[in-house]
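*Asks:* Under the working numbering, the first residue of the sequence shown is numbered 756, with each subsequent residue one higher. Please find one structure pasted underneath; my questions will follow.
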Amino acid sequence: MNKTLTKIFIIIFLFIFVYFITDYTQYKIYKTNLKKELKKEKMEINIPTYHTYFYKNYGRTISSFKEKYKDRLHKDFRPANIIENTKKPSIIIFGCSFAYGSFLDNNETFASKLSYYTKRNVYNRALDGCGIQHMYYFLQDDNFFKHISPAPDYVIYLYIENQLERLNATIFPYSILTNGKNLRYKLSGNKLILDKDNFLIKKSFLLRKLILMTDKKYNNQNQERKNLNFKLANKLFLESKKILETKYPNIKFVIIKYDYNYFNVIDNYQENNLETKDMWKILKEEGFIIINTKDIIGKSFDNKYTTEDKYHPNEKAWDLLVPKIVERLEL
């Protein structure tokens, strides 16, 4: 009996040992690959050590959001752009890293320029790596609105095509910079349901590897996937609009499509082809104000308007675009 138990314990020990060695090896592979990519793109990101994934939250996961959003102001939000003693209505901005202003100082961002030209308080509620689902997540909390004054008459969502793909990505953007499921919703009938986090994904690089391989099998350029992604995006937009109109009956919801045509862009995001043909027609019919940046500046943005990573908008992009947006919306 003792020999049998000893053998069992040895087998269990060997399994655990091999598992952690293999898992750590996968971590090192991710770390090495990311370092190479960051060096090529001239970016600097602090990559966590292997053991910290077991007790800390990383990325835009459900667990991370709950942790950083306890005070009803996400710790990663940009400072609000405040105009002293203004009586003009405020503006709320949502979106991803483009709207957040990755690689830009606070006074160089879309929100800062918009505040300067309109003399309004502008609240930048965009975060890098986020999208439509994160806006809806924030808006469901009544306390979210307590930090915004005066009452806004415009909400502006800065859209890029890749955000459609993020709606169903289990892990985004890098496996090594997140340890849980990407915050996302699913449609059950006509109801939005927040997807649950997964404890095992948080701890295992091997499991994340398998999930990433599964995610890559989904072709988001397939017409069926396009339809499903837009159905979810449309529901998230509509429910967000409904919440905002309940709070502020006269508010206008603007979606700005940032039209860009870059070369040597990370993952070739500009070639995604993820939209349905009738997407913008439907959103316009539903009461959204749609602005394509190409229509108001006369061209797609190119590499001259990017930061050092050759992807995110630089200050020149906003200096060109914001005055035209202000004019178009009569802000």
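Built from N, CA and C at the ideal position, the CB exists for glycine as well.
Using only CA atoms, which one of PHE770, ILE784, ASP860 lies nearest to TYR929?
*Replies:* ILE784
*Asks:* To the nearest whole angstrom, what separates the beta carbons of ASN1058 and LYS1065, a pair I think is in contact under 8 Å?
*Replies:* 6 Å
*Asks:* Is LEU942 buried or exposed, if buried means 16 or more other CB atoms sit within 10 Å of its CB?
*Replies:* exposed
*Asks:* Take the Cβ of GLU1070 as the centre, count every other Cβ of all protein chains shown within 10 Å, and call the residue buried at 16 or more, exposed below.
*Replies:* buried
*Asks:* According to DSSP, is ILE765 part of a helix, a strand, or is it coil?
*Replies:* helix
*Asks:* Could you give the residue range of the beta strand (DSSP E) that holds ILE1046?
*Replies:* 1044-1047
*Asks:* Any idea which residues DSSP pairs LYS1012 with across the strands?
*Replies:* TYR914, ASN1047
*Asks:* Under the rule that 16 or more other beta-carbon atoms within 10 Å means buried, what is HIS806, buried or exposed?
*Replies:* exposed
*Asks:* So is TYR914 buried or exposed if we call it buried at 16+ other beta carbons inside 10 Å?
*Replies:* buried
*Asks:* Taking the DSSP output, what are the residues bridged to PRO907?
*Replies:* According to DSSP, PRO907 bridges with SER845.
*Asks:* Is the beta carbon of SER995 less than 7 Å from the beta carbon of LEU932?
*Replies:* no
*Asks:* Can you give me the start and stop residues for the beta strand (DSSP E) that LEU947 sits inside?
*Replies:* 946-949
*Asks:* If contact is defined by three or more beta carbon pairs under 8 Å, each pair taking one atom from either stretch, is the stretch 955-969 in contact with the stretch 1000-1015?
*Replies:* no
*Asks:* Exposed or buried, THR1001, counting other C-beta atoms within 10 Å across all chains shown (16 or more means buried)?
*Replies:* exposed
*Asks:* Cβ of LYS786 within 7 Å of Cβ of ILE802?
*Replies:* yes
*Asks:* Going straight from the alpha carbon of ASN1023 to that of GLU792, what length do you get?
*Replies:* Since pLDDT at ASN1023 reaches only 42, below the 50 mark, its modelled position is unreliable, and no value is offered.
*Asks:* Just to confirm my understanding: we take TYR782, look at its own chain, exclude 5 residues before and 5 after, and list those with CB closer than 6 Å. What are they?
*Replies:* The beta carbon of TYR782 is closer than 6 Å to those of TYR805, PHE960 in its chain, skipping five residues each way along the sequence.
*Asks:* Hey, quick one: how far does the beta strand (DSSP E) through LEU942 stretch, first residue to last?
*Replies:* 940-943
*Asks:* Apart from the five residues on each side of it in sequence, which residues of its chain come closer than 8 Å, Cβ to Cβ, to LYS1005?
*Replies:* According to the sequence displayed, residue 1005 carries Asn and not Lys. Here the set comprises ASP908.
*Asks:* Shortest alpha-carbon distance to TYR892 belongs to which of PRO905, SER857, ASN937?
*Replies:* ASN937
*Asks:* Helix, strand or coil for ASN1028 per DSSP?
*Replies:* Coil.
*Asks:* Measure the CB-CB distance between ILE848 and ALA881 and report whether it falls below 7 Å.
*Replies:* yes
*Asks:* Run through DSSP, which three-state label would ASP1022 get?
*Replies:* At ASP1022 the pLDDT is 45, less than 50, meaning the model places this residue with poor confidence; the figure from the coordinates comes in the next sentence. Note: ASP1022 maps to helix in three-state DSSP.
*Asks:* For ILE838 versus LYS874, is the C-beta spacing smaller than 7 Å?
*Replies:* yes
*Asks:* Could I get the ranges of all uninterrupted beta strand (DSSP E) runs contained in the stretch 871-908, with 3 residues as the minimum, in chain order?
*Replies:* 877-879
*Asks:* Along the alpha helix (DSSP H) that carries THR807, what are the first and last residues, could you check?
*Replies:* Annotation for THR807: no alpha helix (DSSP H) segment contains it, and DSSP assigns it neither H nor E.
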